[in-house]
Ligand code: NIG
Ligand code: FE
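Numbering (the working numbering), first residue to last: 3 to 426.
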C-alpha cells in the first residue's frame with residue numbers, strides 16, 4: 003500500500019496539474035459528452051471512501067492538511083474507468099481462431115466447433131478453482147489499467163445449471179475483487195447443443211431467469227441478437243421474463259449484421275444496446291430518443307476487423323453513448339480501458355473527451371451505478387486514477403502505453419498487482 007490512502011484510512015487528497023471529470027446531468031449526451039469539467043490545476047479530497055471536495059486546490063478549507071500540501075500530487079487525475087461490458091468469467095484463450103480469421107475464416111464459420119461453444123466447453127471442463135485462478139490475474143490486470151468497476155457476464159454456461167454455475171463464479175469473483183463488479187445473465191448467447199432455439203428461449207424465460215433472480219445471481223439480463231444466435235422476437239420474450247423479476251434488459255445488437263435489435267432494445271426500454279456496428283438510421287434515431295445507452299465496443303471491431311458503427315451519428319444525434327472493452331477470448335481479448343479509448347477515437351472518431359466520459363460517467367449508468375460511480379463529485383465513491391500524462395488526450399493518443407500510475411478504489415490506494423486480493 004502507500005500513496006493516496008495514507009492520509010487516514012479511506013481518506014486522502016490529490017492535487018493534479020489537470021483533473022477531468024464529467025459533471026452535471028447524466029448520462030451526458032450530444033455536445034455535453036465532449037465537454038467534461040477540466041480543472042488546471044485540480045484537486046480532489048475524500049473521507050471514509052467518499053469524495054468530499056473537487057475544485058481548485060485553493061478551495062481546500064483554511065487550516066486543513068490538504069491546504070498545507072498533504073496528500074499526493076499527480077500529473078493528471080480522472081475518475082476510475084467503468085468497464086460496462088465484459089465476458090469474464092471465462093477459462094481459456096482462442097488465439098488459433100483469431101489467426102484462422104486472419105487467413106480468411108469468418109467468425110460465423112467458426113461458430114459451433116469454435117466460438118462461444120468452444121469457450122463453453124472450456125468452462126465446463128475447468129473446475130471452479132481453475133476458473134477463479136484464471137480470472138483473478140485478469141481482474142488485477144484490469145485494475146492496473148485503471149478499471150475500478152466492471153461488468154461480469156454469464157453466457158458460456160449453455161445450460162440452466164451451467165449458467166447458474168457461471169453466475170455463482172462471477173459472484174465469487176465479485177466478492178474477492180478490488181473493483182465494484184456487477185453480474186449480467188447473458189441467458190441467450192448461443193443455442194445450446196441439442197436444443198432448438200425456441201425450447202431454449204422458453205426454458206430461459208420459465209426456469210433460468212427466475213432461478214438466477216431467486217439466488218441473487220444477476221443484476222441484468224442480456225440477449226445476443228444475431229442471425230447465428232437469437233431473434234428480436236426472442237429478445238421480446240426475454241424482456242418480459244426479466245421484467246417479471248425486476249431485472250433490467252441489455253442487448254448485443256447489430257454486431258455482425260443488421261437485425262433491428264437497436265430499435266427493439268430502445269422500444270423495450272432496455273438499459274443498453276451494445277456493439278451497433280450495423281445499426282442503421284432508424285436504430286440511431288430510436289437510441290437518440292431513448293434512455294437506452296448505446297455501448298460502443300471498438301476492441302471487438304478491431305479484433306474482428308469489422309466495420310465501425312455509426313458512432314459519430316449516435317453522439318451527434320444525442321444518444322447516450324458509453325464505451326467498454328467487450329473483453330472475451332473470441333472477439334475482444336483486450337482488457338485495457340485506455341486501449342478501448344484509443345480505438346474509440348482512432349477507429350470510431352470520438353474525441354478524447356467524449357471517449358473519457360463514455361468510459362466513466364455514462365458507463366456507470368449502464369451498470370445501474372450512476373449515483374455512486376463514474377464521476378468525481380462530492381458524495382460519490384472515491385474511485386479515481388492518477389495518470390502520468392500532461393494532457394488527458396495522451397491517453398487515447400498513445401495506444402500501448404499504460405498511463406495509470408496509481409489507482410484509488412473506495413478511497414484506498416491499491417497497487418497494480420493485487421491478484422484477487424484487495425487492500426484490507
Ligand atoms: O460480444 N458476439 C457475441 N458475444 C461476444 C463474443 C463471445 C465469444 O466469441 O466468445 C461479443 O463479441
Ligand atoms: Fe459482448
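Just so it is clear, CB atoms sit at the ideal spot from N, CA and C, and this is done for glycine as well.
Just so it is clear, the structure is predicted and the values come from calculations on it, not from any experiment.
Residue side-chain check: residue 328 places its Cβ nearer than 7 Å to a non-hydrogen atom of the ligand FE.
For residue 276, the shortest separation between its Cβ and any heavy atom of the ligand FE lies below 7 Å. DSSP, read as helix, strand or coil, puts residue 205 in helix. Note on geometry: alpha-carbon atoms of residue 292 and residue 271 lie some 7 Å from one another.
A residue is called buried when at least 16 other Cβ atoms come within 10 angstroms of its Cβ; residue 129 does not meet this threshold and is exposed. By the Cβ rule, the stretch 99 to 109 does not count as touching the stretch 131 to 150, because fewer than three pairs are nearer than 8 Å. If you draw a 10 Å sphere on the C-beta of residue 189, you find 16 or more other C-beta atoms in it, and that means buried. Counted as a single uninterrupted DSSP element, the beta strand (DSSP E) harbouring residue 277 occupies residues 274 to 277. Classified as buried, residue 294 has 16 or more neighbouring CB atoms from the shown chains inside 10 Å of its CB.
Per DSSP, reduced to three states, the secondary structure at residue 53 is strand.
When the five nearest sequence neighbours on each side are left out, the beta carbons in the same chain lying within less than 7 Å of the beta carbon of residue 369 are those of 84, 86, 151, 153 and 184, in order along the chain. When beta bridges are read from the DSSP output, residue 83 appears opposite 149.
Secondary-structure assignment with DSSP links residue 330 through a beta bridge to 334. With respect to residue 276, residue 297 sits close: the two C-beta atoms are nearer than 8 Å. For the stretch 115 to 160, the continuous beta strand (DSSP E) assignments of 3+ residues that do not extend past its boundaries occur at 149 to 155, in sequence order. Residue 281 sits close to residue 255, with the two beta carbons spaced by under 8 Å.
For residue 74, the pairing in a beta bridge is given by DSSP as 16. In terms of Cβ geometry, residue 235 and residue 257 do not form a close pair [threshold 8 Å]. Not one heavy atom of the ligand NIG sits closer than 7 Å to the Cβ of residue 280. Annotation for residue 339: 83, 85, 147, 148, 149, 327 and 361 place their beta carbon closer than 7 Å to its own, counting only its chain and skipping 5 residues before and after. Between residue 20 and residue 38, the gap from beta carbon to beta carbon reaches 8 Å or more.
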